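Novice: To start, I am sharing the structure in question, which I have written as C-alpha cells.
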Amino acid sequence: MHKPASITTRLQQPWWLGVAVILLGSVCLFASSSLTLSARYSAIGPGMFVALVGVGLLLLGVLLLLQMARGTAFDDDERALDPGMDKGPFFTVVAAAIVPSLTMERLGLPITAAIAFMLVAHALGSRRGALDIIVGFTLGSACWLLFSWLGLQLGGFLPLAGV
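If you're matching positions, the sequence shown starts at 285 in the numbering used here and goes up one per residue.
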C-alpha cells in the first residue's frame with residue numbers, strides 16, 4: 285500500500301502529471317470567469333459548475349504533488365495484473381454518449397434517456413434490458429418535467445407522438 289520511496293525514486297515520479305492536473309484546473313477556472321456564476325431563475329449558473337470542477341482539479345493536483353513529495357511510490361505491480369481494457373463495454377458507453385446527439389430532436393428526452401441508460405447499464409453488466417429502458421424512460425421523463433417546470437424547453441416530450 286504505502287511504502288516510502290528513496291530519493292532516487294522520488295525524482296523519478298511523474299511530477300508532470302500533478303502539474304498537468306493543476307493546469308487543467310486553472311484552465312477551468314479561467315473559462316468560468318467568462319460565464320455567469322448565478323442566474324435569474326436559480327441560484328446556480330453555468331459558470332458555477334465549471335468553477336467547481338476547476339477548484340476540484342486544483343486540489344487534486346496539489347494533493348497528487350504532495351503525495352509524490354512524501355515519497356509514495358506508484359506500484360507497477362497493479363498494472364501487471366491489469367488484463368487491459370475490455371473494448372465491448374467501452375464502445376457501448378461511447379455509443380450511449382453519441383445517442384443523444386442523434387435522437388433527441390426526433391425521439392425526445394425520455395426515449396433518448398431510456399436508450400442511453402440501457403446502453404450504459406448493459407456496459408456495466410446489467411442483463412435486464414426491459415427494466416433498464418423503463419428506469420431510463422422514467423428518469424428522462426422526470427428530467428424533462430423538471431426542466432419544463434424551470435421554464436427551460438428541451439423540445440417536445442415525445443415528438444413522434446406529437447406531444
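For glycine and all other residues, C-beta sits at the position ideal for the given N, C-alpha and C.
Note that the structure is predicted; figures quoted are calculated from it, not measured.
(1) Contact defined as beta carbons within less than 8 Å: I believe A397 pairs with F375. What is the distance between those atoms, to the nearest angstrom?
(2) I'd like to know whether the C-beta atoms of G439 and V447 end up nearer to each other than 8 Å.
(3) Where does M402 fall in DSSP's three states?
(4) Spatial neighbours of S410 within its chain, please: CB distance less than 6 Å, with the 5 preceding and 5 following residues excluded, ordered by chain position.
(5) Since S316 is in the alpha helix (DSSP H), which residue starts that stretch and which ends it?
(6) For I395, is the classification buried or exposed, using 16 other Cβ atoms within 10 angstroms of its Cβ as the cut-off for buried?
(7) What do you reckon, are the CB atoms on A379 and L403 nearer than 8 Å?
(8) To the nearest angstrom, how far is it from the Cα of S432 to the Cα of L391?
(9) Quick one: grab the DSSP three-state call for V337.
(10) For G446, report the span of its alpha helix (DSSP H) as first-last.
Specialist: Quick answer:
(1) Indexing the sequence shown from 1 puts residue 397 at position 113. Indexing the sequence shown from 1 puts residue 375 at position 91. Their Cβ separation, rounded to whole angstroms, is 20 Å, which puts A397 and F375 out of contact at 8 Å.
(2) The count along the sequence shown starts at 1 and reaches residue 439 at position 155. The count along the sequence shown starts at 1 and reaches residue 447 at position 163. Not in contact: G439 and V447 (Cβ atoms no closer than 8 Å).
(3) For the purposes of this step, residue 402 is identified with residue 118 of the sequence shown, where counting begins at 1. DSSP places M402 in helix when its eight states are reduced to three.
(4) Reading the sequence shown from its first residue, position 126 is the one you call residue 410. In its chain, beyond the 5 residues on either side, D416 have a beta carbon closer than 6 Å to the beta carbon of S410.
(5) As a working note, residue 316 is residue 32 in the sequence shown. If you look at S316, you'll find it in the alpha helix (DSSP H) that goes 299–316.
(6) Here residue 395 is taken as the residue at index 111 of the sequence shown, counted from 1. With 16 or more Cβ atoms within 10 Å of its Cβ, I395 is classed as buried.
(7) Along the sequence shown, read from residue 1 onward, the residue named residue 379 stands at position 95. Along the sequence shown, read from residue 1 onward, the residue named residue 403 stands at position 119. A379 places its beta carbon less than 8 Å from that of L403.
(8) Indexing the sequence shown from 1 puts residue 432 at position 148. Indexing the sequence shown from 1 puts residue 391 at position 107. Their backbone Cα atoms lie some 17 Å apart in a straight line.
(9) Position 53 of the sequence shown, counted from the start, is the residue given in the question as residue 337. Three-state result, V337: helix.
(10) For the purposes of this step, residue 446 is taken as the residue at position 162 of the sequence shown. Boundaries cannot be given for G446, as no alpha helix (DSSP H) includes it and DSSP labels it neither H nor E.
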